[in-house]
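These notes concern the structure reproduced below.
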Amino acid sequence: MEGFEEALIHFARAHAVPPPPKLKESILNKIRSLKSQLGQRRQLALESLPRLTEHPNYFDWFELTASLQPPEDYDVHLHPLERTPRRDLFVVWARAPIPEEVHHDLLESFLILEGTCACRIRDENGSSRIVKLGPGDLLSLEKGETHDIYITSAQPVKAILEWWYSAA
């Protein structure tokens, strides 16, 4: 068995493929961002939750929602945190793909707390891209962008979902 293990290691080293050049920088940026967020913690209050901005604090949102659980049987479940004429804010859990949709009257943002997913996005001109997301990642969609989401992790995705309405 030991000989087989050594042969396998030798084979792996001989056929190793270097990671994409941007991968190292992407990982280091994620570590720097999370480390910075740890130093800027604040306790969120349900009666005055902040907008999901360019740099939401993953740890603050994770802590706020730690005690919330989805029902046992769900594909997609939304738990409201705030409902106002200007904004709807939810914790969302998704086990199943979220079908294609488009919003013309709101800006949609989500912060991934648990799990991983990929979002296929197509703008009004037909250009498309796929954005892969994991814990701590924020995605903000523009009006008119068609999008769908598929889950890429074994565990469900848990996220903060914000719908910001143009006209109150």
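Using numbering that gives the first Met the number 0, the first residue of the sequence shown is number 0, and each one after it goes up by one.
Glycine residues also receive a C-beta, built at the ideal position from the N, C-alpha and C atoms.
Distance from the Cα of Glu141 is smallest, within the candidate group Ile150, Arg121, Leu27, for Arg121.
In the three-state reduction of the DSSP assignment, Thr64 falls in the helix class.
Closest in C-alpha terms to Leu33, from the list Pro55, Arg119, Glu161, Leu67, comes Pro55. Taking His102 as reference, the option from Leu43, Phe10, Glu123, Glu46 with the minimal CA-CA separation is Glu123. Under the three-pair Cβ rule at 8 Å, the stretch 135-150 counts as touching the stretch 93-109. Glu4 has its alpha-carbon roughly 48 Å from the corresponding atom of Leu51. One Cα belongs to Glu81, the other to Ser165, and the distance between them is close to 17 Å.
Residue environment for Ile129: exposed (fewer than 16 other C-beta atoms within 10 angstroms of its C-beta). Taking a 10 Å sphere around the C-beta of Ser66, we find fewer than 16 other C-beta atoms and assign the residue as exposed. In the DSSP assignment, Tyr73 forms no beta bridge with any residue. Cβ-Cβ distances below 7 Å link Gln39 to Asn56 in the same chain, with the five nearest sequence neighbours on each side left out; the list follows chain order. Just measuring C-alpha positions, the residue of Ala15, Asp136, Pro49, Leu112 sitting nearest Trp92 is Leu112.
In the three-state DSSP reduction, His78 falls in the strand class (E or B). Remark: C-beta atoms of Phe89 and Glu161 approach each other more closely than 9 Å.
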